[in-house]
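Report on one structure; see the data block that follows.
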Amino acid sequence: MTSRVPEGQPETPPQSRRLLCLSGGGYRGLFSAIVLEHIEAQLQRLGHNRLRDYFDLISGTSIGGLLACGIAAGVSARRLREALEEDGGTVFPERSFPKVRQIVGSLYSADALQRVISKCLAADAKSTLQQVSAPLLVPAVSWITGEVVLYKSRGLAGNSAPNISLLDVCLATSAAPTYFPPHQLKNASGQLSDVLVDGGLVANAPDLAALTAAIKRWPLPLDRFEVMSIGTAGSAAGGVAATVPSSGAAWASRAMIVTLVLTAQERHAVANCKTLLGDRYFRIDQQPSQGQLELQAMDRVDTSTTATLRKLAEHAVEVAKQSAPAWAIQLV
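Using the working numbering, the first residue of the sequence shown is number 22, and each one after it goes up by one.
So this is what it looks like as structure tokens:
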């Protein structure tokens, strides 16, 4: 006897797994948060109170990592969006001589970022990955070992989930070189156990890492996985041949090498997931126009940038309504 899918509920293949993947991009994460707020409202109409109730795995890098940790902890997308709008300027304050600051040290302090994360996650900032039941994956990079560190919650890794807080996870995945200092992770005895930098260096779009982890957790055929990926409205990092930096100082002064690395590997991950999954992979993003190239910066926070990100997010949702595959149509 064939079971009947309740009216209004999306049809899901038996034993399928749905993944939510959130890219990094600094303040441009506001774009992601606005899209998530819209999806959350759609899901609430279907009877799902929170985003984490619908997706089988939640993954994010950098600002996407903060959003992912918030979602896994049960924070509403609306609250995450409000936090970015309210406090983005405290994380990325305007600096004098920014190019010089990025050459001699980090442009921003991690203290303000830590306060915003703590405010956003509230009591859950102190929750450890061992205490998080929602499947969560957040990448970072160990400076000491040179290896990728994939932070997994108990909901994904079981008893092997590490005993570190969501606050530490967020600070680690967000420690973009030249923007924030590396995050020093200490053990229960207060001794240094690792030094971590931005997960965006290897997985600014964590989509491929999340898909691999999901296949390991649920050994199903590829056609049983569906991935919703949300970008941050970033513009292309490349340029015409004449503008390529010709010295180390030129690369560092505008953090161009960081931007190029983030963009190149993000596009690589997106392309590979699309090849593997076809229409079971759905990416929501919106590249700015030539007149909006200021959005290439991850740290520009002002009323104009906020308004532009909101407009781009709203447009991306409208485009998604027209292009979403059948399994995702009710989300947009």
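For glycine and all other residues, C-beta sits at the position ideal for the given N, C-alpha and C.
Going by DSSP, which residues form a beta bridge with Gly81? Leu43
Tell me the start and end of each unbroken beta strand (DSSP E) in the region 183-247 that is at least 3 residues and wholly inside, in chain order. 204-207, 213-219
Among the residues of its own chain, which have a CB less than 6 Å from the CB of Leu101, if the five just before and after it don't count? Ala54, Leu88, Gly91
Excluding the 5 residues preceding and the 5 following Val137 in the sequence, name in chain order all residues of the same chain whose CB lies nearer than 6 Å to its CB. Asp108, Val112
Is it buried or exposed for Gly85, if we count other Cβ within 10 angstroms and need 16 for buried? buried
Do the region 178-185 and the region 143-156 meet, that is, are 3 or more Cβ pairs less than 8 Å apart? yes
Just to confirm, is the Cβ distance from Ala226 to Val282 under 7 Å? no
Inter-residue spacing [alpha-carbon to alpha-carbon] between Asp77 and Leu243: 15 Å
If you run the structure through DSSP and keep just helix, strand and coil, what is Val159? strand
Helix, strand or coil: which one does DSSP assign to Thr253? coil
Through-space distance from Ala231 to Leu213, alpha-carbon basis: 28 Å
Neighbour-count burial assignment, Ala62, 16 or more Cβ in a 10 Å radius: exposed
Proximal residues to Val340 (C-beta, below 7 Å), its chain only, five neighbours per side dropped: none
Neighbour-count burial assignment, Asp132, 16 or more Cβ in a 10 Å radius: exposed
Between which two residues does the beta strand (DSSP E) carrying Lys173 extend? 169-173
For Ile165, which of helix, strand or coil comes out of DSSP? coil
With DSSP collapsed to three states, give me the class of Arg38. strand
Where does Arg304 fall in DSSP's three states? strand
Suppose you measure from the CA of Ile60 to the CA of Ser210; what does that come to, to the nearest Å? 42 Å
Would you kindly work out how many angstroms separate the C-alpha atoms of Asn70 and Leu158, rounded to a whole number? 21 Å
Which two residues bound the contiguous alpha helix (DSSP H) that contains Ala328? 324-344
Nearest-angstrom Cβ-Cβ length linking Ala93 and Ala161, presumed shorter than 8 Å: Not confirmed; about 16 Å, so no contact.
Whole angstroms is fine: what's the gap from Thr194's alpha carbon to Ser310's? 28 Å
To the nearest angstrom, how far is the alpha carbon of Val322 from that of Ala224? 24 Å
Let me know if Ser24 comes out buried or exposed under the rule of 16 or more other beta-carbons within 10 Å of its beta-carbon. Bear in mind that the predicted position of Ser24 carries a pLDDT of just 35, short of 50, making it too unreliable to give a figure here.
Ala303 vs Pro240 beta-carbon contact at 7 Å: The question names Ala, yet the displayed sequence has Phe at residue 303. Against a cut-off of 7 Å, the Cβ pair of Pro240 and Phe303 comes out as no contact.
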